[in-house]
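Chains as they are written, first to last, in full-length UniProt numbering: chain A, 1 to 555; chain B, 1 to 555.
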């Protein structure tokens, strides 16, 4: 069929770091059979999404084409790749594929949302292949900051696509498979039509460093510490957690894991067989009985999360353990942009306790899990694809990655979320723009980012809220006066007068002069009362609050 | 009087970067005559202070002792040192002193808040002295990122205090006075009892670089740019603005200043005589008629502020000017921690336009205005004070600065906000803890950070808001049913039922069974209705909203 085409459509991840969701399709235009690669979350913040629990790419486009969707493939177990599988699954209802460790997490994500974990299919690595409509997909092992990360080799009638997932070129990742150049070269041999490639570290100018380089420095730090040592990192960075634990053990310290995610990840690593030789650990209860200088805690909360172990320890006791003057706290991690304030809150609280904090400022105690600029060039050159399609990054990363590919003599296509590329020809071509968006998990409910719910919350946070109540009798006359209730507004004016009184006075003055046309029309009356309340508040306190008007008519 | 003492009390700035406010006192305990050094602001954020306009140190302690307050001294014209003068003045009502350029800004701050700008007294630099009760204060010029920055030499009966203000050791600051080692040595000669010292850059390991080092790199960048160049920096960094403007002029470009603060600062610099030889500028209207490759814009908004020129240009036209593919945007600035998300929003919007963004990542286009760690050591060694009191910094900075002073063989005292030090003896001694806090400017009203107003707003932002209304007749029976209005909550449940209906049903069920004791007691009834609404919402949507209950009784 000469009209068949191979398409690519990022629904998430190509415009942000987080919430990855990439669609590939093959077939006649508008009738392509589809697969989805990854379905991850991103995290809310007070600026744009207060009160929201999780965010993932709106899969409405796929949902409407569910009959054409063959399968979902998860590249690795990071939240921004697998975290939304349980949320999105009821909307998509197709088989999900993942390697064992990743599948373990995906199954848990399904269970958490009341979905059937058996929908997760465990698959092996290359050369094993999964058939999904016109696609054949294989998991190509690659190094990253979590075990079992894989690129996907996606064979299609139009040629081979290699979708890197998140990766780095680490010959010694300590846990999980190393980057195997020979294997990747073998994959590239028949020709790679498109390399869809991780972009997060395109601005990092130096070659990435191996996980194995950290051991000696961490060991030295822990050995020299006179009192208790506490270290934090992403729980999913199992190699790092093991390095930290080994440094503790080798310094004669008992090791205690704190935080649910930390313990769960290590268990999952052991269960799935990717993690071996993890040092013996003790419980928090046991730790409380051990001299502080013989103790090492490995804790959750590297991003300053309030409820994680690090956050709780920075505010006092946690599980019977507490930090004291002269203890050492190591951030074996990088602060993700946007989390600076949260992390610094923890650091300053630790400083107030007299705890010495060490972070990654001097590059000694942390390495990134992503390919840096020279590493990206290495992959470009090794794979020699017909084109590079940068993915996973903010717009600035994608754009820079396009430039880098050009420097390497390769075609490249800039495709932010919603840009459908036709990959069939020699050069990718944008053929359509699809509306994309974000779905919020808000408590137990999924809402659209643009539904207005969160916008209203932000407005209340900025402006406060006024309830105006009014009762009207059968003759449309006010029963008593209008009254107001305030939330999130100053009670008194600079002159000392209660704000509520001033608002009520203005409302009553309006009501005393309002004509029948207004008093008989709830919509009109509500609108007018809202305007009066807002205008008066603006004059008096310089803020325009959100207003709820409650009009009750005695029938 | 042998019982007289010299005290130091930071009300703000010793626990954060921002809102500087330091008290010195001399006299009998509890009767000290007082002076205040600096009265600056810090900026709100959505996480902790949504809707707030400005924040400054609560001066309640001083306000209660106003009869003992002699004067306010402003070290320099940065917002975090002078920004609250107009807000705090009505509470303190004493003369304010500043050098001319700083006084110009202080006077404007007074006018903005309806205060008399004549309360600002213009003073000259060292050796001029201002007498204020038992104190004699002189302005010792020093380099920083704004002209006319000064340390204060505070002579007291107990000895000399040098309060550095913000500073760096720059022999060639381009605008404003260089650091004059000889002058500082002269000040130190009679002996310095205490050095109260800027701590912000104590973690920066390398010696600070001079403002003058930036010119060549900026010039080269601007010269090589093929299309329009836009540069942003803090408007108050007049030296930088001139360097940028000169680079534009020398590359044959017309220079246009965009943003009110940018134009105002340059005007103030010229008026006060600190700025000379600023290149000719053109208006936005003129700029619109000039070929893009001959144009350079210098704009406000280096921190990603939405309403600043950079923010507006990142979203489209501003003052008739707009960015296009191939233009260059230079951040000649550092992103202040906490502003990362805002700055990246601008950067990504520019990326979408095809604009090339250059920032300070490679240290070519920005230098800090503060003394780095080795520079602090230089000052320690030069002044050889009896003790160092670190100020202006988060707790972690103050603590590290204490360590650095110890490394340099000096006594040092850690004194976060509220710690009153007795400086009289050989070593500073903490003698009292004073409750400190933050005052919020919220629209036109000043409120306390702990008044609950902002807390309620944050709760509404997290949880949404429900209004519950109920009318009761003379027999305490409901007239009709309870009804609810929602803001910031999903309208429908996952099953499709309206949330409002479900809440109303639960409330009515409760009301149908409520006994007289409840129905006759507004407080009890209100409490019960709130609990029902919250509990039902939590069950249905997993959120506990804020609830306003309005009960109307027909008398």
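Note that CB positions come from ideal geometry on N, CA and C, so glycine has one too. No experiment lies behind these values; they were computed from the predicted model shown.
Using a Cβ-Cβ cut-off of 6 angstroms (strictly less than) and excluding sequence neighbours within five positions of residue i, which residues of its own chain qualify?
i	result
residue 408 of chain A	377, 380
residue 100 of chain B	122, 272
residue 454 of chain B	49
residue 503 of chain A	484, 533, 536
residue 228 of chain A	292, 295, 327
residue 53 of chain A	441
residue 549 of chain A	468, 526, 529, 530
Note down, in chain order, every chain A residue with its Cβ under 9 angstroms from the Cβ of residue i.
i	result
residue 113 of chain B	Within 9 angstroms Cβ-Cβ: nothing; residue 113 of chain B doesn't reach chain A, min ~11 angstroms.
residue 175 of chain B	None at all; the shortest Cβ gap to chain A is about 31 angstroms.
Please name the residue or residues paired with residue i in a DSSP beta bridge.
i	result
residue 356 of chain A	A/328
residue 27 of chain A	A/5
residue 444 of chain A	According to DSSP, which records beta bridges pairwise, residue 444 of chain A is partnered with nothing at all.
residue 471 of chain A	A/552
residue 121 of chain A	A/97
residue 483 of chain B	B/469
So, for residue i: in the same chain, excluding its five sequence neighbours on each side, which residues have a beta-carbon less than 8 angstroms away from its beta-carbon?
i	result
residue 446 of chain B	87, 439, 440
residue 541 of chain A	489, 490, 493, 499
residue 358 of chain B	221, 328, 329, 330, 331, 365
residue 242 of chain B	174, 175, 275, 277, 278, 279
Leaving out the 5 sequence neighbours to the left and right, which residues in its chain are closer than 7 angstroms to residue i when beta-carbon positions are compared?
i	result
residue 508 of chain A	481, 482
residue 285 of chain A	320
residue 185 of chain B	382
residue 1 of chain A	Per-residue confidence for residue 1 of chain A stands at a pLDDT of 49, beneath the threshold of 50, marking its modelled position as unreliable; no derived number is given.
residue 270 of chain A	278
So which residues on chain B does residue i lean against when the C-beta distance must stay under 9 angstroms?
i	result
residue 172 of chain A	Near residue 172 of chain A there are no residues of chain B at all, since even the closest Cβ is about 28 angstroms away, more than 9 angstroms.
residue 427 of chain A	None at all; the shortest Cβ gap to chain B is about 19 angstroms.
residue 202 of chain A	Within chain B, no residue comes near residue 202 of chain A; the closest Cβ sits about 12 angstroms away, beyond 9 angstroms.
Determine the closest residue to residue i out of the options, with distance taken between C-alpha atoms.
i	options	result
residue 262 of chain A	A/251, A/53, A/238	A/238
residue 250 of chain A	A/217, A/223, A/317	A/223
residue 414 of chain A	A/392, A/425, A/424	A/392
residue 152 of chain A	A/74, A/84, A/512	A/74
residue 46 of chain A	B/475, B/24, B/462, B/550	B/462
residue 429 of chain B	B/456, B/401, B/388	B/388
residue 197 of chain A	A/136, A/211, A/301, A/404	A/404
residue 232 of chain A	A/146, A/253, A/282, A/308	A/308
residue 435 of chain A	A/3, A/12, A/6	A/12
residue 70 of chain A	A/288, A/118, A/97	A/97
Please compile the residues from chain A whose C-beta is within a distance smaller than 7 angstroms of the C-beta of residue i.
i	result
residue 489 of chain B	453
residue 447 of chain B	490
residue 399 of chain B	351
residue 59 of chain B	Chain A residues near residue 59 of chain B: none, gap ~16 angstroms exceeds 7 angstroms.
Determine the chain B residues that contact residue i at a beta-carbon separation under 7 angstroms, and present them in chain order.
i	result
residue 471 of chain A	471, 552
residue 352 of chain A	395
residue 123 of chain A	Near residue 123 of chain A there are no residues of chain B at all, since even the closest Cβ is about 32 angstroms away, more than 7 angstroms.
residue 485 of chain A	548, 550
Quick one: list the residues of chain B neighbouring residue i, beta-carbon separation under 8 angstroms, in chain order.
i	result
residue 493 of chain A	445
In chain A, which residues lie less than 8 angstroms from residue i when you measure between Cβ atoms?
i	result
residue 315 of chain B	Chain A residues near residue 315 of chain B: none, gap ~14 angstroms exceeds 8 angstroms.
residue 535 of chain B	Result: empty, since nearest Cβ-Cβ is about 13 angstroms, beyond 8 angstroms.
Residues of the region 32 to 51 of chain A with a CB closer than 8 angstroms to any CB of chain B: list them in chain order, please. 45, 46, 47, 50, 51
Against chain A: residues of the region 382 to 396 of chain B by CB proximity under 7 angstroms: 394, 395, 396
Mind checking the region 537 to 551 of chain A against chain B and listing, in chain order, the residues whose C-beta falls within less than 7 angstroms of any C-beta there? 541, 542, 543, 546, 548, 550
When Cβ atoms are compared, which residues of the region 228 to 258 of chain A fall closer than 9 angstroms to chain B? none
Contact list for the region 456 to 467 of chain B against chain A, Cβ threshold 9 angstroms: 456, 457, 458, 459, 460, 461, 462, 463, 464, 465, 467
Closer than 8 angstroms, Cβ to any Cβ of chain A: which residues of the region 356 to 385 of chain B, in chain order? 357, 361
Of all the residues that make up the region 431 to 443 of chain B, which are near chain A by a beta-carbon distance shorter than 8 angstroms? 442, 443
Residues of the region 333 to 350 of chain B whose Cβ lies closer than 7 angstroms to any Cβ of chain A, in chain order: 337, 338, 340, 341, 344, 347, 348
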